[in-house]
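Structure, as structure tokens:
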Amino acid sequence: MRYTSPATGKRRQMGLGSYPGLSLAGARDRAVDLRRMIKEGTDPLVERAKEKAARKMEQGGTFAEVAQAYITEQAPAWKDRKAAATWAGSLANHVFPVFGDKPIKDVDTDAVLSALRPIWTDRTETAGRLRGRVERILDYARVRGWREGENPARWKGHLSALLPAPSKVAKVQHHKAIPWKDIASVMAALSMSDGLAAKAVRFACLTAARSGEVRSCLWPEIDMTTRVWTIPAERMKAGRLHRVPLSMPATDILDGLRQPTNGTGFAFPGYRPSRPLTDVALSKALHLAAGTKDATVHGLRSTFRDWAAEATDYPNEVVEMALAHAVGNKVEAAYRRGDLFEKRRALMDEWAAYCCGSHRNRP
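Have a look at this one:
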């Protein structure tokens, strides 16, 4: 059956059913019902998709699907408008790559620990908030009847026996940075490796992006023509869309990657293409190149900031915006007009030149 969608005005085609499961008379009746739906402003294909999604959710769905349902239902009651994006971003960066595609009924203690342990000791506050979010989502799933039993993310009497208490975790130096004068040699060492993790670390350094943002980078976010990487708000810590100007060396890294024929998927996929590389993989690549386990991928952002402050004349606001940090309202307005984006492009081009050893730094 062909029809014009009342929602988009585009021509669409929908099957009525197959013989002998549907008789000719039944097909006619079905067509009458569908035309009535269209006349009332409902696209039958959209409605069919909704029904299919509803049936899937009745069976529980995946953790990622249930998490999105929870956020959608709860967000209107949250006072902070950015809370939904913050929730979505933290889950996308730390949880979905680990067990986002796992059926909600099968999420167990091992799965929760696999997501929390990599960040529990050096990003304890973030890990604690993340645990609480996972716990609330799993509680929501149990109330909806999508899972049974104890909540594997519960702290008291459960994870408290498996993880050190946040208040007892030794205070460590967070995100130790490589001195900016040493970054060119580290980047050279990284470039000697054909490993995907090493390429991801180089891309993180050249873009001054967070590890989670790089690891979850999707091909549709990249515009190779304009050399811009657009990170959606739900994956950003600040909950705002962020455009990253790509230097030529950053673009060259992407050019050398194996892009799926359909143009979708992760730019830096893990062992399973449906999941991105892990934070551990990037850390190992950096440790090998830097010759020390003290260096962190997140610390590369501090390296970039130190270089910009000590070796360039760029305003602090431009540097902070390159790091996707919040700045003053007037600067935000200028950013939206686009003039500071070009200044950030010039900054990132200089940074890339310095990292790649082709630029003599300013005195």
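So the sequence shown is numbered by UniProt numbering: it starts at 1 and just counts up by one.
The beta-carbon is built from N, C-alpha and C at its ideal position, and this holds for glycine as well.
- As DSSP reads the structure, leucine 218 sits in a beta bridge with Phe266.
- Comparing C-alpha distances from methionine 248 to each of Phe266, Arg227 and Arg240 shows the shortest one belongs to Arg227.
- Pairing aspartate 182 with arginine 144, the inter-Cα distance amounts to about 54 Å.
- With 16 or more other Cβ atoms from the protein chains shown falling within 10 Å of its own Cβ, glutamine 68 counts as buried.
- In the three-state reduction of the DSSP assignment, proline 249 falls in the helix class.
- Secondary structure of valine 107 (DSSP, three-state): coil.
- Cβ-Cβ distances below 7 Å link aspartate 139 to Asn151 in the same chain, with the five nearest sequence neighbours on each side left out; the list follows chain order.
- For glutamate 350, the number of other beta carbons within 10 angstroms of its own is at least 16, and it is reported as buried.
- Taking the Cα positions, arginine 129 is about 33 Å away from glycine 195.
- For arginine 131, there is no enclosing beta strand (DSSP E); the enclosing alpha helix (DSSP H) covers residues 124-143.
- At the C-beta level, alanine 233 and alanine 92 stay beyond 7 Å of one another.
- Excluding sequence positions up to five before and after leucine 163, its CB lies within less than 8 Å of the CB of Leu113, Leu116, Arg117 and Trp120, all in the same chain and listed in chain order.
- Threonine 207 has its alpha-carbon roughly 9 Å from the corresponding atom of phenylalanine 304.
- For glutamine 74, the enclosing alpha helix (DSSP H) begins and ends at 63-74.
- Using a 10 angstroms sphere on the CB of valine 280, the tally of other CB atoms stays under 16, which defines it as exposed.
- Positions of the alpha helix (DSSP H) runs, each at least 4 residues long and wholly inside the region 277-303, are given as 279-290 in order along the chain.
- Counting only residues of its own chain and dropping the five nearest sequence neighbours on each side, threonine 312 has no CB closer than 6 Å to any other CB.
- Counting along the chain, the unbroken beta strand (DSSP E) around threonine 230 starts and ends at 228-231.
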